[in-house]
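Colleague:
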Amino acid sequence: MTFDEMVKVFGGRKSLGGGSLRSYFDFDRVIHEGLPVSAFRHAIESLEQPETTVVEGIGISRTTLGRRKQAGRLGFVDSERAVRLGAIIALGRVALGSTRAVGRWLLRANSALGGEIPIRLLQTDVGARQVEAVLGRALLGGYS
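End of the sequence shown sits at 186 in the working numbering; the numbers just go up one at a time, nothing left out.
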């Protein structure tokens, strides 16, 4: 997964706040400033799954998202979860062939993850690393 692929998940540099994004380190700034809700919605819509399912799957309540839509940006914790989801979407597109395939894969129990549903594991960094490892094995032609 490249930096540019991750930027595309969120709708491009403009939707992430302009042209100042040059490296993964800039996503740290985006997380601290708050990921624009419009960029998050772009990532969700690309999965072709119900917004509520995706948002609640990564641990963001609908009520919180509603408040954040009015503010225009997610809070720190929710931005971190959203960027984590974006990284998995970008990696998954390469490993599974399409964003739609990633959307389906994220919502199905996975035996390589001990029967867990991958999207629920994205609530924590530890879980996300396991999801990333499985997608990495899929990239190499292994079990996913």
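We treat Cβ as the ideally placed atom computed from N, Cα and C, and that holds for glycine.
Rounded to a whole number of angstroms, what is the C-alpha to C-alpha distance between Ser140 and Gly53?
Modeller: As a working mapping, residue 140 is identified with position 98 in the sequence shown. As a working mapping, residue 53 is identified with position 11 in the sequence shown. Distance between the alpha carbons of Ser140 and Gly53 is about 16 Å.
Colleague: For Lys50, does the count of other Cβ atoms within 10 angstroms reach 16, so buried, or fall short, so exposed?
Modeller: Start at 1 with the first residue of the sequence shown, and residue 50 comes out as number 8. So Lys50 counts as buried.
Colleague: Kindly list the residues whose CB is nearer than 7 Å to the CB of Leu187, restricted to its own chain and excluding five residues on each side of it in sequence; keep chain order.
Modeller: This structure does not reach residue 187, given that the chain is present from 43 up to 186, and the question cannot be answered.
Colleague: What did DSSP end up calling Pro92 once you bin it into helix, strand or coil?
Modeller: Counting from 1 along the sequence shown, the entry for residue 92 is found at position 50. In the structure shown, Pro92 sits in coil (DSSP, three-state: anything other than H, G, I, E or B).
Colleague: Is the separation between the beta-carbon of Leu133 and that of Ala85 shorter than 9 Å?
Modeller: Locating residue 133 in the sequence shown gives position 91, where the first residue counts as 1. Locating residue 85 in the sequence shown gives position 43, where the first residue counts as 1. No.
Colleague: How do the region 118-125 and the region 68-85 stand: do at least 3 beta-carbon pairs fall below 8 Å, yes or no?
Modeller: Yes: at least three Cβ pairs fall under 8 Å.
Colleague: Could you check whether Ala170 and Ala129 sit closer than 9 Å to each other, using their CB atoms as the reference points?
Modeller: Here the question's residue 129 lines up with position 87 in the sequence shown. Here the question's residue 170 lines up with position 128 in the sequence shown. It is a contact, given that the beta carbons lie within the stated cut-off.
Colleague: Thinking Val176 and Leu155 are a contact (beta carbons under 8 Å), I'd like their distance in whole angstroms, please.
Modeller: If you number the sequence shown from 1, residue 176 lands on position 134. If you number the sequence shown from 1, residue 155 lands on position 113. Going by Cβ atoms, the distance from Val176 to Leu155 rounds to 6 Å, so yes, they are a contact pair.
Colleague: In or out: Gly90 buried (at least 16 other Cβ within 10 Å) or exposed?
Modeller: Within the sequence shown, the letter at position 48 stands for residue 90. Note that residue 90 corresponds to Glu in the displayed sequence, not to Gly. By the 10 Å Cβ count, Glu90 comes out exposed.
Colleague: What did DSSP end up calling Arg150 once you bin it into helix, strand or coil?
Modeller: As a first step, residue 150 must be located in the sequence shown, where it is residue number 108. Three-state result, Arg150: coil.
Colleague: Since I believe Phe69 is in contact with Val125 (beta carbons under 8 Å), could you give me their beta-carbon distance rounded to a whole number of angstroms?
Modeller: Mapped onto the sequence shown, residue 125 falls at position 83. Mapped onto the sequence shown, residue 69 falls at position 27. The Cβ separation is near 6 Å, so the contact holds.
Colleague: Helix, strand or coil, according to DSSP, for Arg64 in the structure here?
Modeller: Residue numbering aside, residue 64 sits at position 22 when the sequence shown is read from its first letter. Reduced to three states, the DSSP call for Arg64 is coil.
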